[in-house]
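Here the structure comes first, spelled out in structure tokens, and everything after it is commentary.
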Amino acid sequence: MTDFAALYAERLTTPEAAAALIPSGAKVAMALGVGQPPALLKALADRAEARQVGDINLYYLLSTAIAGETVMRYELTDRIRPHSLFHGAIERKLEARAIEEGRRAVWFVPTGFQQAPRVLTQEIGVDTLLATVSPMDAEGYFSFGTNTDYALAVSQSAQRVILEVNPHMPRVFGDCRVHVSQVAALVEHAAPLLEAGKAPQQPQDRAIGALIAGLVEDGATLQMGIGALPDAVCAALHDHRDLGVHTEMLTPGLVELMKAGVVTNARKTLHPGKTVFTFSMGDRSTYEFLHENSAVEAYPVDYVNDPAVIARNDRMVSVNATLQIDLFGACCSEYLNGRQYTAAGGQLDFVRGATASKGGKSIIACHSTAAKGTASRIVARLDGPATTPRNDIHYVVTEHGAVNLKGLTDDARARALIGLAAPEFREGLEREARAMGLL
0 MTDFAALYAE
10 RLTTPEAAAA
20 LIPSGAKVAM
30 ALGVGQPPAL
40 LKALADRAEA
50 RQVGDINLYY
60 LLSTAIAGET
70 VMRYELTDRI
80 RPHSLFHGAI
90 ERKLEARAIE
100 EGRRAVWFVP
110 TGFQQAPRVL
120 TQEIGVDTLL
130 ATVSPMDAEG
140 YFSFGTNTDY
150 ALAVSQSAQR
160 VILEVNPHMP
170 RVFGDCRVHV
180 SQVAALVEHA
190 APLLEAGKAP
200 QQPQDRAIGA
210 LIAGLVEDGA
220 TLQMGIGALP
230 DAVCAALHDH
240 RDLGVHTEML
250 TPGLVELMKA
260 GVVTNARKTL
270 HPGKTVFTFS
280 MGDRSTYEFL
290 HENSAVEAYP
300 VDYVNDPAVI
310 ARNDRMVSVN
320 ATLQIDLFGA
330 CCSEYLNGRQ
340 YTAAGGQLDF
350 VRGATASKGG
360 KSIIACHSTA
370 AKGTASRIVA
380 RLDGPATTPR
390 NDIHYVVTEH
400 GAVNLKGLTD
410 DARARALIGL
420 AAPEFREGLE
430 REARAMGLL
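Mapping of the sequence shown onto numbering that gives the first Met the number 0: residues 0 to 438, in sequence order.
Written out as structure tokens, the structure is:
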């Protein structure tokens, strides 16, 4: 019988010694969100600051303050180059400063979330993984806990798997484990997990939430995105029964529906009885709920976000937000003011999976206006790339209503979407539609 404790002891070291294993020129995958390891990232940043290492390309989705205060500090971006597969506030701030100085500080890699494991392991060929994991179990396995997503695939192909063991990381069931024999180095660091604050809800969120809740049948399986709007949808679903969950992101709103008995997963046609997710961001109660909870299972994103897998859930309902919708029905959910704002994420994965599901519905939602009511989110033409193409769009919801665009002609689509716009913008949109030959 293998002595896993001995293997653990052999690999246990300091953050500084673990970071020293990463050579100049390495391609490093950093875990997503809550999985970002603070002690390891600080040690790597310290080495870069001392010019003991350089020419590192750092790949990741969804950076947090953990990275922003260490490896993604502006003054280090000539030695550790951030390669973002999903932008957030940290990337936007870095880019704004870099533009002022006439240089680059962030490199964006366009990809859908489901493709991230393949892009990182096969196309880019990352050689190092840095991630936070739960304590080791009796069989020698660590759980990726809140963040299976692309971490599992990278752990199976990278030359160096360097893990930060945190007793606060929940041990989660599913396909989300890495064995001590695969690990090059371990460090122990007890730190509270990063918590995501709740975005304040506006009246439009509550109106949209009620409209979407009316489209959800009892027994449906849900996917929810992030933010105030999906939270409002969850709040409006408390009168429903026997809902299921198959989602890329497990949010506090979905956890509350589980605790309330609204989500039972009893009528799911895939993984019945189980909530399925690939990453989670929430508060401490969310993470405590995940720990050794047999009703919840985590799987890699190339499984969870596979449209063919999603479609195996009957009555699948996906709910995602967008920044703009044009009069053809195409959505831009990632580009704003001429710059990359977020990324495609898993939106199209779930749009296609839910639409292909038996009795399924894909829902794209947004406020009708932006910039404090001065700009319409329903526009004649998109300002950026089409995250969800017009051929894939199904339901669109704003605070002014809900429409199913499937089967509508282009002129009928334009009229329906104009009806979802704020009243003060409808006349202008109609003029533009006529100029475009849509009406």
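Yeah, the Cβ is synthetic: ideal placement off N, Cα and C, and Gly gets one too. Keep in mind the model is a prediction, meaning the values are calculated, not measured.
Item	Value
Just to confirm before moving on: does the CB-CB distance between V105 and E122 stay below 8 angstroms?	no
Return yes when the Cβ of A30 is within less than 8 angstroms of the Cβ of N146, no when it is not.	yes
I believe A206 touches E398 by the beta-carbon criterion, under 8 angstroms. Please report the beta-carbon distance rounded to the nearest angstrom.	4 angstroms
Quick one: grab the DSSP three-state call for P81.	strand
Exposed or buried, P109, counting other C-beta atoms within 10 Å across all chains shown (16 or more means buried)?	exposed
Considering only residues of the same chain and omitting the five flanking positions on each side of R176, which have a CB-CB separation below 6 angstroms?	Y140 and S142
DSSP on S62, reduced to helix/strand/coil?	coil
Counting pairs of Cβ atoms below 8 angstroms between the segment 317-331 and the segment 367-380, do you hit three or more?	yes
So, with DSSP's three-state summary, where would you put F424?	helix
Give every residue of the same chain whose Cβ lies closer than 6 angstroms to the Cβ of R46, excluding the five residues on either side of it in the sequence, and list them in chain order.	A18 and V52
In whole angstroms, what separates the C-alpha of P417 from that of D204?	As written in the sequence, residue 417 is Ile, which differs from the Pro given in the question. Those two C-alpha atoms are separated by around 19 angstroms.
Contact defined as beta carbons within less than 8 angstroms: I believe L404 pairs with R412. What is the distance between those atoms, to the nearest angstrom?	5 angstroms
Under 8 angstroms, with one C-beta from each stretch per pair, do the segment 192-201 and the segment 309-318 reach the 3-pair mark?	no
Looking at the unbroken alpha helix (DSSP H) that takes in E94, where does it start and where does it end?	A88 to E99
In whole angstroms, what is the alpha-carbon distance linking T387 and D2?	51 angstroms
Exposed or buried, which one is I98 when buried takes at least 16 other CB atoms within 10 Å?	exposed
What residue range is occupied by the uninterrupted alpha helix (DSSP H) comprising R412?	D409 to L419
To test your reading of the DSSP string, which unbroken alpha helix (DSSP H) runs of 4 or more residues are found completely within the segment 140-200?	150-154
Classify S375 as helix, strand or coil using the three-state DSSP reduction.	strand
What runs of the alpha helix (DSSP H), each 4 residues or longer, lie entirely inside the segment 287-315?	300-303 and 306-309
Which residue wins for smallest C-alpha separation from Q35, given the options K92, R50 and E68?	E68
If we ignore side chains and look at the alpha-carbon of each, how far apart do T268 and R78 end up?	49 angstroms
Would you list the residues sitting across from F276 in a DSSP beta bridge?	A297
Per the DSSP calculation, L221 is bridged to which residue(s)?	V244 and V316
I65 and P37 - do their beta-carbons sit closer together than 8 angstroms?	yes
Have a look at M168, S293, P251 and L210 and flag the residue whose alpha-carbon is nearest the alpha-carbon of G224.	P251
Leaving out five residues before and five after M0 in sequence, what residues of the same chain have Cβ atoms less than 6 angstroms from its Cβ?	Since pLDDT at M0 reaches only 46, below the 50 mark, its modelled position is unreliable, and no value is offered.
With contact counted as at least three CB pairs below 8 angstroms, one residue from each stretch, are the segment 147-161 and the segment 178-196 in contact?	yes
Kindly list the residues whose CB is nearer than 6 angstroms to the CB of G173, restricted to its own chain and excluding five residues on each side of it in sequence; keep chain order.	E296, A297 and Y298
Return yes when the C-beta of F107 is under 7 angstroms from any heavy atom of the ligand NAP, and no when it is not.	This structure does not include the ligand NAP; it has no bound ligands of any sort.
If you drop the 5 nearest sequence neighbours on each side, which residues of the same chain put their C-beta closer than 6 angstroms to that of D148?	L31, T277, F278 and V300
Given L335, which residues of its chain have a CB within under 7 angstroms of its CB, disregarding the five upstream and five downstream residues?	L322
L449: which of R351, S361, R389 and P14 sits nearest, CA to CA?	Within the shown structure, residues of the chain are numbered from 0 to 438, placing residue 449 beyond reach of any answer.
In the DSSP output, what is I55 paired with across the bridge?	I79
Rounded to the nearest angstrom, what separates P384 and E429 at their Cα positions?	23 angstroms
Whose C-alpha, out of L43, D217, D282 and G24, is nearest the C-alpha of T13?	L43
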